[in-house]
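Take a look at the structure below.
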Amino acid sequence: MSAATQLYVSTLVVYFFVNAIACWGLDLQFGVTGVLNFAFVVFQAAGAYAVALFSLGPASTSGGFQRYVGGYDLPFPIPLVGAMLVGAALAAVIGWVGLRRLRADYQAMIMLVVSVVATLIANSEIGLVNGPAGLSLIPRPLAGVLNLAPARYSWFFAGLCGLLCAGVGFVCWRLEYSPYGRMLRGVRENEQAVEALGRSARRARMQVFILGGAFAALSGALLAEFVTAWAPNGWEYPETFVFFTAVIVGGRGSLWGVALGAAVVAVGVQQAVQYLPIGSDPTVLASVEWIITGVVTLAFIWFRPQGLIPERRRRFRMMPGLREDPHAGLLEEVA
Amino acid sequence: MSTLISAIGFGCVTAAILAIAAVGFTLQFSVSNVLNLAFGSVMTTCGFVAYALNSHGINIWICVVIAAGAGGLLSLGLNSLLYGPFIRHGTNLFGMVIVTIATALIIDRTTQAIVGPGFFSYVVGSSQAVRFADFVLTPEQIATIVLALAAMGTIHWLLRYTRMGKSMRALASNVSLARACGIPTRRVANIAWVTSGLLGGVAGVLLFIDTTTFSATSGSGFLIVVIAAAVVGGIGSPYGAMAGAFLVGVTSEVAAAYWNPELKDVVAFGLLAAILLVRPKGIFAEIATEKEVVG
Amino acid sequence: MSEPLLLLRDLRRSYGGVRAVESVSFEVQQGSLTGIIGPNGAGKSTVLGMIAGSIRPDGGTIRIAGAETTGLPPYRVAQQGVLRTFQTASVFPRLTVLENLMLGARPGRGETIVGALCRRRSWRHEEQRVARRGRALLDSLGLSQDEDRYAAELSGGQRRLVEIGRALMAQPRLLLLDEPMAGVNRAVGLKIERLLAQLAARGMTILMIEHELDVVERICGSVIVMARGTVLLEGKMAEIRDSEQVRRAYLAG
Chain A
626 MSAATQLYVS TLVVYFFVNA IACWGLDLQF GVTGVLNFAF VVFQAAGAYA
676 VALFSLGPAS TSGGFQRYVG GYDLPFPIPL VGAMLVGAAL AAVIGWVGLR
726 RLRADYQAMI MLVVSVVATL IANSEIGLVN GPAGLSLIPR PLAGVLNLAP
776 ARYSWFFAGL CGLLCAGVGF VCWRLEYSPY GRMLRGVREN EQAVEALGRS
826 ARRARMQVFI LGGAFAALSG ALLAEFVTAW APNGWEYPET FVFFTAVIVG
876 GRGSLWGVAL GAAVVAVGVQ QAVQYLPIGS DPTVLASVEW IITGVVTLAF
926 IWFRPQGLIP ERRRRFRMMP GLREDPHAGL LEEVA
Chain B
-2 MSTLISAIGF GCVTAAILAI AAVGFTLQFS VSNVLNLAFG SVMTTCGFVA
48 YALNSHGINI WICVVIAAGA GGLLSLGLNS LLYGPFIRHG TNLFGMVIVT
98 IATALIIDRT TQAIVGPGFF SYVVGSSQAV RFADFVLTPE QIATIVLALA
148 AMGTIHWLLR YTRMGKSMRA LASNVSLARA CGIPTRRVAN IAWVTSGLLG
198 GVAGVLLFID TTTFSATSGS GFLIVVIAAA VVGGIGSPYG AMAGAFLVGV
248 TSEVAAAYWN PELKDVVAFG LLAAILLVRP KGIFAEIATE KEVVG
Chain C
23 MSEPLLLLRD LRRSYGGVRA VESVSFEVQQ GSLTGIIGPN GAGKSTVLGM
73 IAGSIRPDGG TIRIAGAETT GLPPYRVAQQ GVLRTFQTAS VFPRLTVLEN
123 LMLGARPGRG ETIVGALCRR RSWRHEEQRV ARRGRALLDS LGLSQDEDRY
173 AAELSGGQRR LVEIGRALMA QPRLLLLDEP MAGVNRAVGL KIERLLAQLA
223 ARGMTILMIE HELDVVERIC GSVIVMARGT VLLEGKMAEI RDSEQVRRAY
273 LAG
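Chains as they are written, first to last, in my numbering: chain A, 626 to 960; chain B, -2 to 292; chain C, 23 to 275.
Below, the structure written as structure tokens:
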């Protein structure tokens, strides 16, 4: 493979891992617990900005061409960890206001509003994160230490993303295939019933909101480090919808399905559009990408709402060698 | 002092447009229980219908009327050709939110692919600003306020004194009871959709006259402010939407006059957050928490 | 005399000026099976909802075994051992029947984030025990063939059984049932009736709303008659049956 091809392929791999992390985070909220977080991309953006502000030097040292707060010049991996914490903290605040005892669709509306407000603030408070122009020259982790050629560094970064992606996948798997996951699915299925069984639905929603926020922030942080720039027009509120489409197409509540959705929708559609015979006008291309995303979503909700790989039905097998429980049959002789 | 007064004047114009849109949005939501996130796209589409006519030399106020008709048709079409079938197909409340946002994307981006990314303006005809006590407003702004008052009056009359309005209110409070009382639920819902589209069309053109320039995604951007007004007022309550629109419109313009104008919408949303903390269901919350959707 | 398991004093609730429940007071003794009867709109479900915490009372007190629970959210009331079923069977449609039951059991070590992530070894044994208990219960409800089906795939009567079974998994101190036999066929209705009678015989405390007076007479030790938001009479069914007051309330209702 030529260096250019290597760069292209490794970039796609990075995009896949980053999107898979984000989609798993969203799936934990939307697919498993039933929280319609239409502000999801805000948490991704929070992670991206956080990683930038933690790893860039003070604004004054960059010759004043961009203005921002912070600039702590911290070494890898502190900015990534910090970004996750920022995402989680932001989720805690927004969730506290937005996840009140409201119907799921009201919550969706409020999150939509939150998303727009966040872009407005980032755009108009120039001193915060450099306004509409966004931040650039975000340092790539360990780039100075490793001193690799671009294609090789790109593969190194893909490996890092893969490692983190595997970690997030493992956490999601542990959570979803456990009594905790069962409780989350209970919240999704019937909030009233889950409360009548002694579990607080709001608490559960809040927890996945924070966890999902942290994962979104991690994905945003990795993305920002990889492309070394981040601006408000990259995270406007419709962007959240791409993740929703990926989760719906892949299969809500299904880990493999969501990963597949991330590959097909979040990476695949974007690449495929470039090969369509519709010219190269960037506006038309972007529009067509969005239209395809919308139509695919409608088609899946109509024809295959469970997605390509549906959520697995949980069956229980007894572990061999477990002692008989004397309290097992409470009512064995009834009926 | 004069800054405050002129800000309140502008606030009234914003509130007028917001009120028309918010009442349309919330009336349809209270009757059919479908959260129509494509409402902003209806506004934009009507704005471009008006633009097409206006650029052929037709007076802008005639365009408003035609755009309203287009909005009604488009809204009815959305419900009967898209949302209705999805609901009858078994898509739940949850899924419908996604369906409407997908629809909004498709409409907006199709428009964008056709008209391009640029900004457009109407030919309104230059006119002298009018002094009205301490308020300085253009004739278009005054016309906007008058139109809004007329629209609110009509909606009030429709809801309070007509059979159809009473059916709508019945449907908003209890679907199965309304059905049991022999109210033709689907027809009433359709009329609510048409009304919502009419108001959306008017609000769209008025908004674009007021902002002077607009693009394919302007309506959806404004929808967020509409939602804020509707939620502040208590989502599902048309009177709440009027109050919410006034509150949001005036506060944001006053804030713009004294603070960063770019952040005027942030003020509106800050208000929203504050109210949600005190009254999670809005000021005039009156609809039931769990309701059946009507297709 | 010992503290009753459930004690209501002067409970009130109105909806937009309409008084649904007005000064309701009664007691439920440990180990009794009590029925609430009364015409439609008597406020029976509102009282049940207030005990369970899903409806906030305007005034009055609710005590469970001496501890006040007035105004607590539903999940806190449930944590006190008060489990309920709903008027229309309320299951988790896309959870299997066995999962529905297992979610009824008191939360174990695997139901926190840290527990799910780090203490897999400890909760897996717990899970086995819960699953075993769930299977035994399904067996006695005649649903053991259906444990891997989604609750959405069940008939109305089967869902009702799953709902009751799920509440029993928590080993409730007080079981609240809102018309457990409404909308199920005769066979399932009889099954539920026998189940309740056996639970009562084992000393479980049950408070149920029921329309069928014959059922109440057969299984309920004591009866509370409600009409227009108040308690009309309390006593044994046999005594109440002949009461002129009750007859009038039903005719008027």
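Using N, Cα and C, we set each Cβ at its ideal position, and we do this for glycine too.
In whole angstroms, what is the alpha-carbon distance linking residue i and residue j?
{"i": "Val741 (chain A)", "j": "Ala35 (chain B)", "result": "16 angstroms"}
{"i": "Ser164 (chain B)", "j": "Pro181 (chain B)", "result": "9 angstroms"}
{"i": "Ala664 (chain A)", "j": "Phe868 (chain A)", "result": "11 angstroms"}
{"i": "Val898 (chain A)", "j": "Leu910 (chain A)", "result": "7 angstroms"}
{"i": "Trp855 (chain A)", "j": "Val666 (chain A)", "result": "13 angstroms"}
{"i": "Gly63 (chain B)", "j": "Pro863 (chain A)", "result": "Residue identity check: residue 63 (chain B) is Ile in the sequence provided, not Gly. Their backbone Cα atoms lie some 30 angstroms apart in a straight line."}
{"i": "Leu123 (chain C)", "j": "Met203 (chain C)", "result": "19 angstroms"}
{"i": "Glu914 (chain A)", "j": "Thr100 (chain B)", "result": "14 angstroms"}
{"i": "Glu266 (chain C)", "j": "Leu79 (chain B)", "result": "58 angstroms"}
{"i": "Ala677 (chain A)", "j": "Glu861 (chain A)", "result": "19 angstroms"}
{"i": "Thr42 (chain B)", "j": "Gly68 (chain B)", "result": "8 angstroms"}
{"i": "Thr922 (chain A)", "j": "Pro930 (chain A)", "result": "9 angstroms"}
{"i": "Arg157 (chain B)", "j": "Met734 (chain A)", "result": "28 angstroms"}
{"i": "Pro857 (chain A)", "j": "Val639 (chain A)", "result": "21 angstroms"}
{"i": "Leu255 (chain C)", "j": "Leu235 (chain C)", "result": "15 angstroms"}
{"i": "Tyr778 (chain A)", "j": "Leu788 (chain A)", "result": "15 angstroms"}
{"i": "Leu956 (chain A)", "j": "Leu651 (chain A)", "result": "No answer about Leu956 (chain A) holds up, because its pLDDT of 41 lies below 50 and its placement is not dependable."}
{"i": "Asp264 (chain C)", "j": "Val247 (chain C)", "result": "13 angstroms"}
{"i": "Gln895 (chain A)", "j": "Val210 (chain C)", "result": "55 angstroms"}
Look at the Cβ atom of residue i, then the Cβ atom of residue j, and state whether they are nearer than 8 angstroms.
{"i": "Leu160 (chain C)", "j": "Glu169 (chain C)", "result": "yes"}
{"i": "Leu190 (chain C)", "j": "Met230 (chain C)", "result": "no"}
{"i": "Ala673 (chain A)", "j": "Ala849 (chain A)", "result": "yes"}
{"i": "Gly8 (chain B)", "j": "Gly246 (chain B)", "result": "yes"}
{"i": "Thr276 (chain C)", "j": "Arg35 (chain C)", "result": "Because residue 276 (chain C) is not part of the residues shown, which for chain C are 23 to 275, the question remains open."}
{"i": "Leu196 (chain C)", "j": "Ile86 (chain C)", "result": "yes"}
{"i": "Phe834 (chain A)", "j": "Gly720 (chain A)", "result": "yes"}
{"i": "Ser54 (chain C)", "j": "Gly243 (chain C)", "result": "yes"}
{"i": "Glu250 (chain B)", "j": "Ser749 (chain A)", "result": "no"}
{"i": "Leu168 (chain B)", "j": "Ala186 (chain B)", "result": "yes"}
{"i": "Val819 (chain A)", "j": "Gly806 (chain A)", "result": "no"}
{"i": "Leu800 (chain A)", "j": "Ala138 (chain C)", "result": "yes"}
{"i": "Pro136 (chain B)", "j": "Val127 (chain B)", "result": "yes"}
Please classify residue i as buried or exposed, where buried requires at least 16 neighbouring CB atoms within 10 angstroms.
{"i": "Val31 (chain B)", "result": "buried"}
{"i": "Cys797 (chain A)", "result": "buried"}
{"i": "Gln691 (chain A)", "result": "buried"}
{"i": "Gly88 (chain C)", "result": "exposed"}
{"i": "Phe243 (chain B)", "result": "buried"}
{"i": "Asn76 (chain B)", "result": "buried"}
{"i": "Arg270 (chain C)", "result": "exposed"}
{"i": "Phe48 (chain C)", "result": "buried"}
{"i": "Ala628 (chain A)", "result": "exposed"}
{"i": "Glu90 (chain C)", "result": "exposed"}
{"i": "Val237 (chain C)", "result": "buried"}
{"i": "Tyr731 (chain A)", "result": "buried"}
{"i": "Glu121 (chain C)", "result": "buried"}
Quiz prompt | Within 9 angstroms of chain B by C-beta, residues of the segment 729 to 758 of chain A in sequence order | solution = Ala729, Asp730, Tyr731, Ala733, Met734, Ile735, Leu737, Val738, Val739, Ser740, Val741, Val742, Leu745, Ile746, Asn748, Ser749 and Glu750
Practice problem: Quick one: which unbroken alpha helix (DSSP H) runs of 4-plus residues sit fully inside the segment 51 to 126 of chain B? Chain order, please. | Solution: 57 to 74, 81 to 85 and 90 to 112
Quiz prompt | Residues of the segment 829 to 844 of chain A whose Cβ lies closer than 8 angstroms to any Cβ of chain C, in chain order | solution = Gln832 and Leu836
Quiz item: In the segment 73 to 102 of chain B, which residues sit with their C-beta less than 9 angstroms from some C-beta in chain A, listed in chain order?
Solution: Leu79, Pro82, Phe83, His86, Gly87, Thr88, Leu90, Phe91, Gly92, Met93, Val94, Ile95, Val96, Ile98, Ala99, Thr100, Ala101 and Leu102
Quiz prompt | Near-chain C residues of the segment 791 to 811 of chain A - C-beta to any C-beta below 8 angstroms | solution = Val796, Arg799, Leu800, Ser803, Pro804, Tyr805, Gly806, Arg807, Met808, Arg810 and Gly811
Quiz prompt | Against chain A: residues of the segment 104 to 127 of chain B by CB proximity under 7 angstroms | solution = Arg106, Thr107, Gln109, Ala110, Gly113 and Pro114
Self-check item: Contact set between the segment 237 to 270 of chain C and chain A, restricted to residues whose Cβ is under 8 angstroms from the partner
Solution: Residues passing the 8 angstroms Cβ filter: none.
Practice problem: Determine which residues of the segment 909 to 934 of chain A have a Cβ less than 9 angstroms from any Cβ of chain B, and write them out in chain order. | Solution: Val909, Ala911, Ser912, Val913, Glu914, Trp915, Ile916, Thr918, Gly919, Val920, Val921, Thr922, Leu923, Ile926, Trp927 and Pro930
Quiz prompt | Secondary structure, alpha helix (DSSP H): runs of 4+ residues fully inside the segment 82 to 153 of chain C | solution = 96 to 101, 119 to 124 and 135 to 140
Self-check item: alpha helix (DSSP H) runs contained entirely in the segment 162 to 195 of chain B, provided each spans 4 or more residues
Solution: For the segment 162 to 195 of chain B, whole alpha helix (DSSP H) runs of length 4 or above, ordered along the chain, are 172 to 177.
Exercise. Please specify which runs of the beta strand (DSSP E), each continuous and at least 3 residues long, are wholly inside the segment 130 to 161 of chain B, giving them in chain order.
Key: 132 to 134
Self-check item: Runs of alpha helix (DSSP H) wholly within the segment 725 to 796 of chain A (minimum 4 residues, chain order)
Solution: The DSSP assignment places complete alpha helix (DSSP H) segments of no fewer than 4 residues inside the segment 725 to 796 of chain A at 729 to 749, 751 to 754 and 768 to 771, in order along the chain.
Quiz item: Counting only runs that start and end within the segment 191 to 267 of chain B, where is the alpha helix (DSSP H) found for 4 or more residues in a row?
Solution: With a minimum length of 4 residues, the continuous alpha helix (DSSP H) runs that stay inside the segment 191 to 267 of chain B are 215 to 230 and 235 to 255.
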